[in-house]
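S.K.:
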Amino acid sequence: MANYARIQDIGKPKVVIIGGGFAGLELVKSLRHADVQVILIDKQNYHTFQPLLYQVATSGVEADAIIHPFRKIFEEQKNFFFRLAEVQHVDTVQQLVETNIGLIRYDFLVIATGATTNYFGDEQMEHNAIAMKSVADAITLRNTILCNFENALQLDDQEQLNSLMDYVIVGGGPTGVELAGALSELRLHVFPKDYPELDFKSMDIYLIQSGGELLKGMSAEASKKSQQFLEEMGVKVWLNKRVKSYDGYTVTFNTGETLVTRTLIWAAGVTGNPVPGLRPESLLKGNRLQVDAHNRVMGYENVFAIGDIAAMVTPENPQGHPMLAQPAMQQGKLLGKNLQHLISGQPLQPFVYKDQGSMATIGRNKAVADLKLFKKEVKSQGFFAWLIWMFIHLVSIVGFRNRLVVMTNWFWNYFTFDSGNRLILGNKQENVPITETITHKTVL
Numbered sequence: 001m002a003n004y005a006r007i008q009d010i011g012k013p014k015v016v017i018i019g020g021g022f023a024g025l026e027l028v029k030s031l032r033h034a035d036v037q038v039i040l041i042d043k044q045n046y047h048t049f050q051p052l053l054y055q056v057a058t059s060g061v062e063a064d065a066i067i068h069p070f071r072k073i074f075e076e077q078k079n080f081f082f083r084l085a086e087v088q089h090v091d092t093v094q095q096l097v098e099t100n101i102g103l104i105r106y107d108f109l110v111i112a113t114g115a116t117t118n119y120f121g122d123e124q125m126e127h128n129a130i131a132m133k134s135v136a137d138a139i140t141l142r143n144t145i146l147c148n149f150e151n152a153l154q155l156d157d158q159e160q161l162n163s164l165m166d167y168v169i170v171g172g173g174p175t176g177v178e179l180a181g182a183l184s185e186l187r188l189h190v191f192p193k194d195y196p197e198l199d200f201k202s203m204d205i206y207l208i209q210s211g212g213e214l215l216k217g218m219s220a221e222a223s224k225k226s227q228q229f230l231e232e233m234g235v236k237v238w239l240n241k242r243v244k245s246y247d248g249y250t251v252t253f254n255t256g257e258t259l260v261t262r263t264l265i266w267a268a269g270v271t272g273n274p275v276p277g278l279r280p281e282s283l284l285k286g287n288r289l290q291v292d293a294h295n296r297v298m299g300y301e302n303v304f305a306i307g308d309i310a311a312m313v314t315p316e317n318p319q320g321h322p323m324l325a326q327p328a329m330q331q332g333k334l335l336g337k338n339l340q341h342l343i344s345g346q347p348l349q350p351f352v353y354k355d356q357g358s359m360a361t362i363g364r365n366k367a368v369a370d371l372k373l374f375k376k377e378v379k380s381q382g383f384f385a386w387l388i389w390m391f392i393h394l395v396s397i398v399g400f401r402n403r404l405v406v407m408t409n410w411f412w413n414y415f416t417f418d419s420g421n422r423l424i425l426g427n428k429q430e431n432v433p434i435t436e437t438i439t440h441k442t443v444l
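Under full-length UniProt numbering, the residue at position 312 of the sequence shown is numbered 312, and the numbers go up by one with no gaps.
(1) Count the other CB atoms within 10 Å of the CB of residue 243; is the residue buried (16 or more) or exposed (fewer)?
(2) Under a three-way DSSP split, which group does residue 253 fall into?
(3) Identify every run of the beta strand (DSSP E) within the stretch 75 to 120, keeping only runs that are complete inside it and at least 3 residues long; order them along the chain.
(4) Using the three-state DSSP reduction, which class does residue 36 fall into: helix, strand or coil?
(5) Closer than 7 Å by C-beta to residue 386: which residues in its own chain qualify, once you throw out the five before and the five after it? Chain order, please.
(6) Between 314, 267, 269 and 270, which lies nearest to residue 290 when the distance is taken from Cα to Cα?
(7) Assign residue 414 to one of two classes, buried (16 or more other C-beta atoms within 10 Å of its C-beta) or exposed (fewer than that).
(8) Residues in its own chain within less than 8 Å of residue 211 by CB, not counting five upstream and five downstream?
(9) Would you mind stating whether residue 398 and residue 73 have Cβ atoms separated by less than 9 Å?
(10) How big is the Cα-Cα spacing for residue 6 and residue 86?
(11) Please classify residue 267: does DSSP put it in a helix, a strand, or coil?
(12) Determine contact between the stretch 191 to 200 and the stretch 217 to 237, defined as no fewer than three beta-carbon pairs at a distance below 8 Å.
(13) According to DSSP, is residue 59 helix, strand or coil?
(14) If you draw a straight line from the C-alpha of residue 66 to the C-alpha of residue 46, how long is it?
(15) Are there 16 or more other CB atoms within 10 angstroms of the CB of residue 469, so buried, or fewer, so exposed?
(16) Is the beta carbon of residue 447 sitting closer than 9 Å to the one on residue 79?
(17) Please classify residue 137: is it buried, with 16 or more other beta-carbons within 10 angstroms of its beta-carbon, or exposed?
(18) Buried or exposed for residue 472, please, with buried defined as at least 16 other CB atoms from any protein chain shown within 10 angstroms of its CB.
(19) Compute the Euclidean distance between the alpha carbons of residue 297 and residue 119, then round it to the nearest angstrom.
(20) Per DSSP, which one or two residues make a beta bridge with residue 68?
(21) Here's the rule I'm using: 16 or more other beta-carbon atoms within 10 Å means buried, otherwise exposed. How should residue 161 be labelled?
(22) Excluding five sequence neighbours on each side, which residues of the same chain lie with their C-beta closer than 6 Å to the C-beta of residue 266?
(23) Can you give the Cα-Cα distance for residue 443 and residue 166, rounded to whole angstroms?
(24) Can you check DSSP and say which residues form a bridge with residue 380?
(25) Per DSSP, what kind of secondary structure is residue 129 in: helix, strand or coil?
(26) Please determine, among 163, 3, 113 and 58, the residue with the shortest C-alpha to C-alpha distance to residue 40.
(27) Give the secondary structure of residue 357 by DSSP, where H, G and I count as helix, E and B as strand, and everything else as coil.
(28) If residue 3 and residue 84 are in contact, beta carbons under 8 Å, what's the gap, nearest whole angstrom?
(29) Within this structure, are the beta carbons of residue 419 and residue 59 separated by less than 9 Å?
(30) Could you spell out where the alpha helix (DSSP H) holding residue 138 opens and where it closes?
(31) Keeping to the same chain, check which residues put their C-beta closer than 8 Å to that of residue 255; ignore five residues upstream and five downstream.
(32) Quick check: residue 351 and residue 323, are their CB atoms within less than 9 Å of each other?
(33) Taking 8 Å as the cut-off, does the stretch 374 to 390 touch the stretch 244 to 253 (at least 3 CB pairs, one atom from each stretch)?
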């Protein structure tokens, strides 16, 4: 006998959504008044505001300030049901989702599983580097940074000190740029106070970009200005260099150059995160599901994909829409309307992406923004762009309490030059052990 997950049947068409990221969250909201049963499946019981993961990693905000429980978000939505589960397979013939808690039947299936870190098949890199896709990743990086300095206090060997105090960030997109800027500010304002015995002039931060510019996809002005900001802050920006290998201690480049570090942060790309069971022909390059103008997965009538996992190929976007929050949210909102149209027999509306621009923050009073306001392009760099970045991110965080906590942290950090969340809690990345031949400092 089939093992079904226990979910109350309310006698309405079942819309099963796999994934509670920006796309899935917006879809649930869009269906709040629909005559359907909404079932959200996620392996976490909370939504993560991913744009601020780097601030958790660099002690800027607490982890619980950027996450919010799904049940709390939708406690007033009567047609909403949540199950904490991992999806193992989908059966599109029987219209079943197989999970570790049992089978879940659907009438409409929406895949909103987002993206995962792309190591391009490099298993050694996957094992030794730290990614930045989840709260667990961010906390691991924070723990690793703080443990590195604690361990550095016990060493005299210069190479070993460098391996603990130097950081290599691979990937010159928003995550890499923002991490490099945050680490630089910690090096200037915070770490010297916490560890006065260490010489932070010898702490090097490298930002590695395989192409010739940072923030690819933004304007040339934004790219140039972000690099200028970072270099003024002491970050060593290396362009047109590709990391060939990393064994947990030595970074080797395609040029033959090497760097020594125990902490390499991988922000060099993502790949789609599809669920097993869909036909291979539906997958395009980058593991994204090919969808039509209504976000319907090619080859299926009642299976949809939204957000990073969806590749809606258009003449303007031959690779699909950018893997960003805005396209995901817009797709989720429209699909909610289209599902209601589908049930009532009305024509579906095609998706048209409304690009509202991009932005990235580099540090205090330093950001770049390419915005589209009232059909005009607005480019800003510096303090004004920084204010825009803060405002947009603050209002986008889910939950009033979270907004208040983040705003309080930002004000405190700005006026005190302090980041108060320097706690070692949980796991850290441990690569090559410190060799026993190193001379330790004398215990006084």
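From the three backbone atoms N, C-alpha and C, an ideal C-beta is built for every residue, glycine too. Since we're looking at a predicted model, the values are computed, not measured.
M.R.: The answer reads as follows:
(1) buried
(2) strand
(3) 80 to 84, 87 to 91, 96 to 99, 102 to 105, 108 to 111 and 115 to 117
(4) coil
(5) 361, 365, 366 and 367
(6) 314
(7) exposed
(8) 172, 239 and 240
(9) yes
(10) 15 Å
(11) coil
(12) no
(13) coil
(14) 10 Å
(15) There is no way to answer for residue 469, as the model of the chain reaches only from 1 to 444.
(16) One cannot answer for residue 447 here, as it falls past the ends of the chain, which runs 1 to 444.
(17) buried
(18) No information on residue 472 is available, as it lies outside the stretch 1 to 444 that the chain covers here.
(19) 26 Å
(20) 47
(21) buried
(22) 129, 131 and 170
(23) With a pLDDT of only 40 at residue 443, under the threshold of 50, the placement of this residue in the model should not be trusted, and no figure is reported.
(24) 369
(25) coil
(26) 113
(27) strand
(28) Contact doesn't hold; Cβ gap of about 17 Å is too wide.
(29) yes
(30) 135 to 152
(31) 241
(32) no
(33) no
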